[in-house]
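Asks:
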Amino acid sequence: MNTVSKQIRDSFTITLALACLTALAITATAATSPALTPASLTCQGLVNPQGLDAAQPELNWISISADPAVRGQVQAAYQILVADSEAALGQNVGNLWDSGKVMSDQSAHVAYAGKPLLSHQACHWKVRVWNRNGVESAWSQPGFWTMGFVTPDKWQLNWIGGAGRTGLLRKEFTVKQTLKRAWVYTSALGFYELRLNGSKVGSDRIAPGWTDYFRRVQYRCFDVTDQVKRGANVMGVEIAPGWFAGKIGSHGPSKYGKTPAFAAELFLEFTDGTTQIVKSDRAWKTSEGPLTASDMQDGDQYDARLEKTGWDLPGYDDSSWMAAEVLQGENRNLVAQQDQPIGVVREMKAVKVTEPTPGVHVYDLGQNITGVARIAMQGAKGTKITLRFAERLNADGTLDFTSLRAAKATDTYILSGNGVETFQPKFTFHGFRWISIQGLEKAPALSEVSGIVICSQVPEIGFLETSDAALNHLLSNIKWTAHNAFMSVPLDSPQRSERQGWTGDANVMAATATWLFDMDRFYTKWEGDVLGAQAYNKGESDGLMPTVAPRWAESGGGKGGGWGDVGVNLPYVLWQRYGNTEIIRTSYVGMQKWLAYLERHSKNHIIPASSRISTAGDWEDVNDETPKDLVATFYCALDVSQVAEMAAAIGKDADAAAYRKRFQEVRAAIIKEYVAPDGTVAKGSQTAQVFALHLGLYPDGMREKVLGKLLENIKAHKDHLTTGYLGTQWLLQVLAENGHADVAYKILLQKTQPSWLFMASMGQTSLWEGWTSLKPDGTFGSKRTSLGHSALGSCGDWMFQSIGGLVPDPMSPGFKHFIIRPIPGGALTNAEMKYQSPQGQITSHWTLKDGQFNLEVEVPVNATATIVLPTADTASSTESGRPVAVSPGVVAAGTTQGSASYNVGSGRYSFAVTLEP
Ligand code: BGC
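Residue numbers (the working numbering): 194 to 1110.
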């Protein structure tokens, strides 16, 4: 119980009813409130999603005010209508669900509670809200969703394949009636690209996303009404091995199966009420295509001479093609894809070209990305072009492949000789900044070479910029490296022969990622992969959480100590940041089993280093080791305390009490085993001290001693960190919370190795796997290291909370109530933060000049905030030019040493404070 906000609560004795009180106080300040407009409708966290399989999809919106500056605006009530047609909804008839007027300020995660939804059903919905004066809004713009297969077990789907690991499949069909609606369900074991009458269906890339195909395979649904025509039509699909049959980690290919397969079902609904279904079946024809080989790690090999012009259009002569093979005995568990699909996120034009070796042209994108190259070129038929990729250049300007390990990361293209040809591989991805092109006589112009960024399309929701260019560079590196790793699964890294969902890496980065991107759907899907992998562990191992997820054939087992613990720590983050309680419910049994597993493997509550829970330790620490038994036991304490909170949040009070009790027992055991009377924890590593301070794992009254040992260690390292993946997550936070923000800033702004800004000062555009991945001379510090590894970016969480100043309130998940408390430090003179919370946009912008601290804040409608100003001198503080004490809608909430707090409702505020010299 020692996050910043909990401390703030304690110090000002703010009660749990704070949010309500604030709202009441604000109510008194303004007689009327402008009308609200509900907007930004999403269903299951997605905009107008197709083909859902959740029985009660969750609906979300935010309320926008006609005048956002007016203070204390709340949604007092809402009404939702869901109809099975646009026409019914247009007449305000909720023939599937009319919620009636619900007196509630809830606007996120409202579960559909109407008639049971049927497979393929179209659901059109809208919402209206009332403000606190009872003024009703207009109805929102309509949103919609469609249902997929509500009873997937009744879905008979044929999986069809070609002869090999790549190939084409096609099927011609005739439409005789007038079409009303057409939609297609698609899935693949491997990757696919579906085309309908010559154009691509949807914009997904390397689809479907990665799951443990033994347990579940994701399907997607696309509305193709505009692509189907009367008369002859053709569906064509290209398939490739993908995660299903391609290489995984350093373990070789075919971990789920040997050859890819495809499945589809096209539904045609005609105006006369009749229907037609076109399925994947034996009537499809198959042939080899221009893609001669494909692997995510090794690249795509494409021979344009083998292109079959017109194959995806009606009328193509496929008489020489073979009948597709229908896979026998396939009975896959098909589930609707829950998260945003992988797709093109942006294009990066090449910024520089060199020719370090005759005939090999090296293009610099200026940024380490995940994706593929796109290149336009011209040449004689049969010319072979080879593209290679790297994160670093050798001193002579050639590509350095060290960080790729065994990944070949090589795409080849054989020219057809037909004019300008564009190559953009479809079924592979690389992690790279530099591209080398070999085989062309003349180097393509810069404008003809791009990096196409391909990742899961999680929406960007956070922005932070400071007055320090080096910190902004770090923020950019954190954001790029995090996003580069989101590939349906949070990968450790995107470039080498690894690229797996390492649970520890995702665990430490999750809190930071939630500031930058809307991670709710992505992590919800991946938590399913984690729990799915856990479910394989039976008998004595029952409950053991995995080290990597999704599981693949031989990746059994698991580990704790920060890795498997993600199964608990991730739902906690999603609940806290997005107000998602559904994830608690769906993960609850798995979390309980994990806690039981930990208990079975503990001796007197300590997890011995030899046990199977034991861990990679504080991975990548800098010669400052933390015993693995302490690491595993600390995480057990963390997990138990988080499950206690989550149990209470879903009404399981008895469980909550039992886990709270167990936390105290584990805490007592840790104190007994590791905390010395002088405050040294275990061997006194920075991480061990941070662990103890983070969870209060020391005898009452000993905080200063434990803190003192951390400060001593940092001093001995001349203000450098030594923490690995685990300790880094909380190092700055623990220092700042305990009155040493100055030390946190010294570490953050440290320019010599090991530090974040050392990486930035080396011109790096991403974060490294370890603090010493590169040496000061720019050469590799270790041969096994990557230059695009997100885990060390976990300081982003503290940067948003302390530099941006937005601190979540753990008692009010989903930013219903939050704290604004910037902590200026270093030589920073300003910082601006914007965050799209579930309630709407929160902004905080502070400047510091000549002892004058100004803070502009925007609190969205339907939320409340506590503003903490860095002075106890309330008399000289102003808000919008008035003494803060008389400012309307600003309610004093107490002072403490060096700070004063105020409760506010929604609206815009402008505080000015003169700091004590
Ligand atoms: C991965 C790490 C991972 C670690 C665990 C490495 O190979 O790249 O990020 O967490 O192994 O042992």
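All C-beta atoms, glycine included, are put in the ideal place defined by N, C-alpha and C.
All values derive from a computational prediction rather than experimental measurement.
1. Taking 7 Å as the cut-off, is the C-beta of S596 nearer than that to any heavy atom in ligand 1?
2. Quick check: D397 and G536, are their CB atoms within less than 8 Å of each other?
3. May I ask you to report which of helix, strand or coil DSSP gives I800?
4. Beta-carbon separation of W318 and V275 under 8 Å?
5. With DSSP collapsed to three states, give me the class of K448.
6. From this set, P250, S233, K854 and N324, which residue's C-alpha is nearest P227's C-alpha?
7. Compute the beta-carbon to beta-carbon distance between G383 and I432, rounded to the nearest angstrom, for a pair I have assumed lies under 8 Å.
8. Please report the distance separating the alpha-carbon of E386 from that of T1057.
9. Just the Cα atoms here: how many angstroms apart are D970 and I562?
10. How many whole angstroms separate the CB atoms of G963 and T978, which I take to be in contact at a CB cut-off of 8 Å?
11. Which partner residues of L389 appear in the DSSP bridge assignment?
12. Just to check my reading of the structure: V161 and L1062 have Cβ atoms closer than 8 Å, yes? What is that Cβ distance to the nearest angstrom?
13. Below 7 Å, is the gap between the Cβ of W695 and the nearest heavy atom of ligand 3?
14. Please name the residue in A726, P947, A454 and G872 whose C-alpha comes closest to that of L350.
15. For T1107, which of helix, strand or coil comes out of DSSP?
16. So the candidates are I399, W254, L229 and V368; which of them puts its Cα closest to the Cα of N326?
17. Around the C-beta of E279, are 16 or more other C-beta atoms found within 10 angstroms, so that it is buried, or is it exposed?
18. G1091: buried (16+ other C-beta within 10 angstroms of its C-beta) or exposed?
19. State the Cα-Cα distance for the pair L1198 and L767, rounded to the nearest angstrom.
20. If you draw a straight line from the C-alpha of N1096 to the C-alpha of Q1034, how long is it?
21. Going by the CB atoms, is the gap between G341 and G402 shorter than 8 Å?
22. Can you grab the Cα-Cα spacing for the pair A869 / L886, in whole Å?
23. Within a Cβ cutoff of 7 Å, which residues of the same chain sit near D713, ignoring the five residues on either side of it in sequence?
24. Roughly how many angstroms separate the alpha carbons of S795 and G751, rounded to a whole number?
25. With E775 as the anchor, note down where its alpha helix (DSSP H) starts and where it stops.
26. Along the alpha helix (DSSP H) that carries E962, what are the first and last residues, could you check?
27. What did DSSP end up calling P549 once you bin it into helix, strand or coil?
28. Could you give the distance in angstroms between the alpha-carbon of A726 and the alpha-carbon of P261?
29. CA-CA distance, F1046 and I996?
30. Applying the criterion that 16 or more other CB atoms from any shown protein chain within 10 Å of the CB defines a buried residue, is I671 buried or exposed?
31. List the residues that DSSP assigns as beta-bridge partners of Y1095.
32. Is there a Cβ of chain B sitting closer than 8 Å to that of A400, yes or no?
33. Report the rounded CA-to-CA distance for N700 versus Q926, giving the unit in angstroms.
34. Give the DSSP-derived three-state secondary structure of P618 in the structure shown.
35. Examine the Cβ distances between the region 825-838 and the region 859-878 and report whether three or more of them are shorter than 8 Å.
36. In this structure, what does DSSP give as the bridge partners for E481?
Replies: Looking at the coordinates:
1. no
2. yes
3. coil
4. yes
5. coil
6. N324
7. 6 Å
8. 47 Å
9. 23 Å
10. 6 Å
11. S392 and M428
12. The question about residue 161 has no answer here: the residues shown for the chain are numbered 194 through 1110.
13. Ligand 3 is absent from the structure shown, which contains only ligand 1.
14. L350 has its Cα closest to that of A454, out of A726, P947, A454 and G872.
15. strand
16. L229
17. exposed
18. exposed
19. The structure shown does not extend to residue 1198, since the chain is modelled only from 194 through 1110, so no value can be given for it.
20. Spanning the two alpha carbons is a distance of roughly 18 Å.
21. no
22. 14 Å
23. G238, L767, Y771 and N773
24. 16 Å
25. E775 to R793
26. Where E962 is concerned, there is no enclosing alpha helix (DSSP H), given that its DSSP letter is neither H nor E.
27. strand
28. Cα atoms of A726 and P261: separation of roughly 46 Å, rounded to the nearest angstrom.
29. Computed Cα separation, rounded: 14 Å.
30. buried
31. I1060 and A1085
32. The chain labelled as chain B is not found in the depicted structure, where only one protein chain is given.
33. 17 Å
34. coil
35. yes
36. DSSP output for E481 lists no bridge partner at all.
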